[in-house]
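Trainee: Note that the protein sequences, when read in sequence, are chains G and U. My numbering puts the first residue of the first sequence at 1, with every later residue one more than the last. My numbering puts the first residue of the second sequence at 489, with every later residue one more than the last. Even glycine gets a Cβ: it sits at the ideal position worked out from N, Cα and C. Fair warning: this is a prediction, and the values are worked out from it, not measured in the lab.
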Amino acid sequence: MRGPTPWGLLLFTFATLCTASLPSTSPATPLVLPPDFTPPQVFNNTNLLRTIDLTRPYSREVIAVIVENGSNQTQTEYYVPFAKEVVDRVSYVEARDKAGPGGDFIVRKVEFDEKSPVQYYRIDMAPLAPSSQITLQLTIGLLHTATPRPATVSQVDKQFLFYRGSRYFHSAYPTLKQKTKLRFPNPEVPEYTKFTPKAGSTDDPAKAGSFITYGPYELVKVEEKGGEPIELMYEYTAPVITANTLERDIEVSHWGGNMAVEERYTITNKGAKLKDQFSRVTWAATSYYNPPTHAIKSLTFDLGVGASDPYYTDEIGNISTSRFRSNSYEALLELKPRFPIFGGWNASFVIGWNHELGKFLRTDKKDAEQYVLKVPFLEGPKEPIVYDEVEVTVILPEGATDVSYISPIDIDSEERYLHKTFMDTLGRTALKLKVRNVADEAHGKELIVMYRYPKFAGLRKPLVFFTGLMSLFLVSWLIGKVDTRIAK
Amino acid sequence: MEIEWESMSPFAPAVSKDLHAPVALVLMAIGFIFSGNFFLNKSPSALLVALPASAAFAFGAVFLMCAVGVYV
């Protein structure tokens, strides 16, 4: 050995390589109320219009309601009740001040008594003075509201879905006047619950084109909850696409200037099952005139302008039935599954692509080590789809610290860990966000991730290689110095 | 957040994607030349040649990985 210098350098390098710390975690804060909680009766719903949109594989209820503060104190908390069996299928609840300057309000799920038949969401409104009014707009996304009926159809039959809802809006407050309007994909609604109209009024419900309207109803008390159930059967020509799981990885590479996205889907068609065996002949014959079908024939993903190197594979290997159309205003990846996916059938596949990192990552002008990543939380196909479980993993460069994020949708759980892959010594800082019950309206909403990436952390990879090679050279030089001659 | 985003500057990598392969090739070539020189020369000064050889190989390896699509 020639001296301590090379070894000192080696030890110093490894010591510094091993000192990077794990990112911190932030706990979620649920809204916990006592088990005997009931919403205080402080509001009246003066006028309420509920519109239920059934044109997609989930239901989207928009409720416009004039809320009046009936108490003698200023109120802010408005509660929205859900039956226990429904609350697990709630995708989102959004609330905003429709007419006034209040904007979007914070909505949180209340945790009080798991066994209670009624569960609540709480809206934190702008303060409402006694006997004043506000026009509140609630938007509720509910998954798995419709089931195919009949449950089995033949390959070329029409598919009908069955929906069960309530006559009135289930409110925690008395409603003076209300109406429910249902919107269907097309006017084909062969069966729907009919009520005897009150004297002097028209039919209940009234059907016009692809709309059915129940009401108006006067004074609905809180005890009535939703009132009698309404049951409908409507034609749904598209497949009921459900992603049982979606794992989406977003990998950031500073060295490569690249953002790699990979999405692993397991999808099911929750539509009507086939009555008989699948007939390839019928399928081939009908595809000439391309009628609407309840099987999943193809999926189209918009990857965003500038996407490159797409791939579409499954456990067998590359699936060749895909087309990538990329130009200056869109980049569409059109996929065809290996087989048409009929009701009850499953498919799993993986798609991935690359993007220039500069489009999604920005750095602070004052602090060059501070980065902000802004990426779509979900992208997904253009076809209507719902997701049961979604895991979005953001893999940041190795050595990134102080990770924080702003999510466009409520996160069920988060996990932070180190993801080890090529050329890593410590592992890359990874943030995994898990969400359940996501409707496709979440497509394109942006997730913001902020992190620090010190200059030295960027040099970790070449430095590790440099140290390794340098020690190889040193060892070879030392071995070359050994005198192996037997005699002088 | 929106305003902050607008005032930030887009990330620019040290070497753009198109240049990964040429940069990697040049660096690897430099690495090979210096290491060839190292193995031909057994004097203590050979270790001085090993320094640029290791450095060129190290950065060359990173860009070579990026050039083949494994964005490290």
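How about Ser348/G and Leu274/G: do their beta carbons lie closer than 9 Å?
Mentor: On the first sequence, residue 348/G is found 348 positions in, with the first residue counted as 1. On the first sequence, residue 274/G is found 274 positions in, with the first residue counted as 1. No, the Cβ-Cβ distance between Ser348/G and Leu274/G is not below 9 Å.
Trainee: Closer than 8 Å by C-beta to Thr196/G: which residues in its own chain qualify, once you throw out the five before and the five after it? Chain order, please.
Mentor: Position 196 of the first sequence, counted from the start, is the residue given in the question as residue 196/G. So the list reads Asp204, once near-sequence residues are dropped.
Trainee: Take Val86/G as the anchor and find which of Lys98/G, Ser59/G, Pro101/G and Thr74/G has the nearest alpha-carbon.
Mentor: As a position in the first sequence, residue 86/G is number 86, starting the count at 1. Out of Lys98/G, Ser59/G, Pro101/G and Thr74/G, Ser59/G has the C-alpha closest to the C-alpha of Val86/G.
Trainee: Does the beta carbon of Leu528/U sit closer than 9 Å to a beta carbon anywhere in chain G?
Mentor: Against the second sequence, residue 528/U aligns to sequence position 40. Cβ-Cβ to chain G under 9 Å: no for Leu528/U.
Trainee: Tell me, which residues are paired with Ile385/G by DSSP?
Mentor: In the first sequence, counting from the first residue as 1, residue 385/G sits at position 385. Beta-bridge pairing links Ile385/G to Ile241/G.
Trainee: Less than 9 Å between the C-beta atoms of Ser495/U and Thr363/G, yes or no?
Mentor: As a first step, residue 495/U is located in the second sequence; it is residue number 7 there, counting from the start. As a first step, residue 363/G is located in the first sequence; it is residue number 363 there, counting from the start. Not a contact, by the Cβ cut-off of 9 Å.
Trainee: Determine, for Leu463/G, whether the minimum Cβ-Cβ distance to residues of chain U falls below 9 Å.
Mentor: Counted from its first residue, the first sequence places residue 463/G at position 463. Closer than 9 Å to some Cβ of chain U, the Cβ of Leu463/G qualifies, so yes.
Trainee: Just by C-beta distance, which residues in the region 363-382 of chain G are closer than 8 Å to chain U?
Mentor: Going along the region 363-382 of chain G in chain order, one finds Thr363, Asp364, Lys365, Tyr371, Val372 and Lys374 with a Cβ nearer than 8 Å to chain U.
Trainee: Who are the neighbours of Met423/G on chain U, taking C-beta pairs under 9 Å?
Mentor: The residue you call residue 423/G lines up with position 423 of the first sequence. Ordered by position in chain U, the residues that pass the 9 Å Cβ test against Met423/G are Ala549, Val550, Met553, Val558 and Val560.
Trainee: What would DSSP say about Cys554/U, mapped onto helix, strand or coil?
Mentor: Sequence index remark: in the second sequence, residue 554/U carries index 66 (1-based). In the structure shown, Cys554/U sits in a helix (DSSP, three-state: H, G or I).
Trainee: If contacts are defined as beta-carbon pairs under 8 Å, then Val110/G and Ile123/G qualify, I think. What distance do you get, rounded to the angstrom?
Mentor: For the purposes of this step, residue 110/G is identified with residue 110 of the first sequence, where counting begins at 1. For the purposes of this step, residue 123/G is identified with residue 123 of the first sequence, where counting begins at 1. At roughly 11 Å, the Cβ-Cβ gap does not stay under 8 Å, so Val110/G and Ile123/G are not in contact.
Trainee: Please list, in chain order, the chain G residues whose beta carbon lies closer than 7 Å to that of Pro447/U.
Mentor: Since the first residue shown for chain U is 489 and the last is 560, residue 447/U is missing from the structure and cannot be characterised.
Trainee: Got a sec: is the Cβ-Cβ distance from Ser59/G to anything in chain U below 9 Å?
Mentor: Here the question's residue 59/G lines up with position 59 in the first sequence. For Ser59/G, the answer is no, since every Cβ of chain U falls outside 9 Å of its Cβ.
Trainee: Throw me the rounded Cβ distance for the Ala430/G and Thr393/G pair, which I believe falls under 8 Å.
Mentor: For the purposes of this step, residue 430/G is taken as residue 430 along the first sequence, with counting starting at 1. For the purposes of this step, residue 393/G is taken as residue 393 along the first sequence, with counting starting at 1. Indeed they touch by this definition, with Cβ atoms about 6 Å apart.
Trainee: Tell me which residue opens and which closes the alpha helix (DSSP H) that Tyr316/G is part of.
Mentor: The residue given as residue 316/G occupies position 316 in the first sequence. Note on residue identity: the sequence assigns Ile, not Tyr, to residue 316/G. Element bounds for Ile316/G: n/a, residue is neither H nor E.
Trainee: According to the Cβ coordinates, are Leu521/U and Gly548/U closer than 9 Å?
Mentor: Translated into the one-based positions of the second sequence, residue 521/U becomes position 33. Translated into the one-based positions of the second sequence, residue 548/U becomes position 60. Checking the sequence shown, residue 521/U turns out to be Ile, not Leu. Result no, Cβ atoms of Ile521/U and Gly548/U do not sit closer than 9 Å.
Trainee: Return the first residue and the last residue of the alpha helix (DSSP H) that Arg56/G is part of.
Mentor: Against the first sequence, residue 56/G aligns to sequence position 56. It is not in any alpha helix (DSSP H) - Arg56/G carries neither H nor E in the DSSP assignment.
Trainee: Please compile the residues from chain U whose C-beta is within a distance smaller than 8 Å of the C-beta of Ala502/G.
Mentor: Given a span of 1 to 488 for chain G in the structure shown, any question on residue 502/G remains unanswerable.
Trainee: Using only the alpha-carbon positions, how far apart do Phe499/U and Ala543/U sit?
Mentor: Working through the second sequence from its first residue, we reach residue 499/U at position 11. Working through the second sequence from its first residue, we reach residue 543/U at position 55. So the two alpha carbons sit approximately 25 Å from each other.
Trainee: Just to confirm, is the Cβ distance from Ile63/G to Thr51/G under 9 Å?
Mentor: Taking the first sequence and counting its residues from 1, the one referred to as residue 63/G is at position 63. Taking the first sequence and counting its residues from 1, the one referred to as residue 51/G is at position 51. Result yes, Cβ atoms of Ile63/G and Thr51/G sit closer than 9 Å.
Trainee: Using three-state DSSP, classify Thr286/G as helix, strand or coil.
Mentor: On the first sequence, position 286 is the one that residue 286/G refers to. Correct three-state label for Thr286/G: helix.
Trainee: Throw me the rounded Cβ distance for the Lys505/U and Gly257/G pair, which I believe falls under 8 Å.
Mentor: The sequence position of residue 505/U within the second sequence is 17, counting from 1. The sequence position of residue 257/G within the first sequence is 257, counting from 1. Sure, about 6 Å apart at Cβ, within 8 Å.
Trainee: Are Ala300/G and Thr266/G closer than 9 Å when you measure CB to CB?
Mentor: Residue numbering aside, residue 300/G sits at position 300 when the first sequence is read from its first letter. Residue numbering aside, residue 266/G sits at position 266 when the first sequence is read from its first letter. As written in the sequence, residue 300/G is Thr, which differs from the Ala given in the question. No, Cβ-Cβ distance for Thr300/G and Thr266/G is not below 9 Å.
Trainee: Starting from the beta carbon of Ser533/U, find every residue of chain G whose beta carbon is closer than 7 Å, and list them in chain order.
Mentor: For the purposes of this step, residue 533/U is identified with residue 45 of the second sequence, where counting begins at 1. Result: empty, since nearest Cβ-Cβ is about 11 Å, beyond 7 Å.
Trainee: Going residue by residue through the region 84-114 of chain G, where are the continuous beta strand (DSSP E) segments of at least 3 residues, counting only ones entirely within it?
Mentor: Counting whole runs of 3 or more residues, the region 84-114 of chain G contains the beta strand (DSSP E) stretches 90-97 and 104-111.
Trainee: According to DSSP, Leu303/G sits in a beta bridge with which residue or residues?
Mentor: On the first sequence, residue 303/G is found 303 positions in, with the first residue counted as 1. DSSP, once it has assigned bridges, lists no residue as partnering Leu303/G.
Trainee: Between Tyr214/G, Glu334/G, Lys432/G and Ala83/G, which lies nearest to Tyr120/G when the distance is taken from Cα to Cα?
Mentor: Here the question's residue 120/G lines up with position 120 in the first sequence. It is Ala83/G whose Cα lies nearest to the Cα of Tyr120/G.
Trainee: Of all the CB atoms in chain U, is at least one closer than 9 Å to the CB of Ala487/G?
Mentor: Counting from 1 along the first sequence, the entry for residue 487/G is found at position 487. Judged by the 9 Å Cβ criterion, Ala487/G is not in contact with chain U.
Trainee: Does the region 372-382 of chain G touch the region 447-456 of chain G, meaning 3 or more C-beta pairs lie closer than 8 Å?
Mentor: Enough Cβ pairs lie closer than 8 Å, so yes.
Trainee: Using a Cβ-Cβ cut-off of less than 8 Å, list which residues of the region 237-270 of chain G approach chain U; keep chain order.
Mentor: So the close ones are Glu251, Ser253, His254, Trp255, Gly256, Gly257, Asn258 and Ala260.
Trainee: Per DSSP, what are the beta-bridge partners of Gly343/G in this structure?
Mentor: In the first sequence, residue 343/G corresponds to position 343, counting from 1. Lys273/G, per the DSSP bridge assignment.
Trainee: With burial defined as no fewer than 16 other Cβ atoms inside 10 Å of the residue's Cβ, what is the status of Arg164/G: buried or exposed?
Mentor: Here residue 164/G corresponds to residue number 164 of the first sequence, with the count starting at 1. Label assigned to Arg164/G: exposed.
Trainee: Counting only beta-carbon atoms, is Phe499/U nearer than 9 Å to chain G?
Mentor: Here residue 499/U is taken as the residue at index 11 of the second sequence, counted from 1. For Phe499/U, the answer is yes, since a Cβ of chain G falls inside 9 Å of its Cβ.
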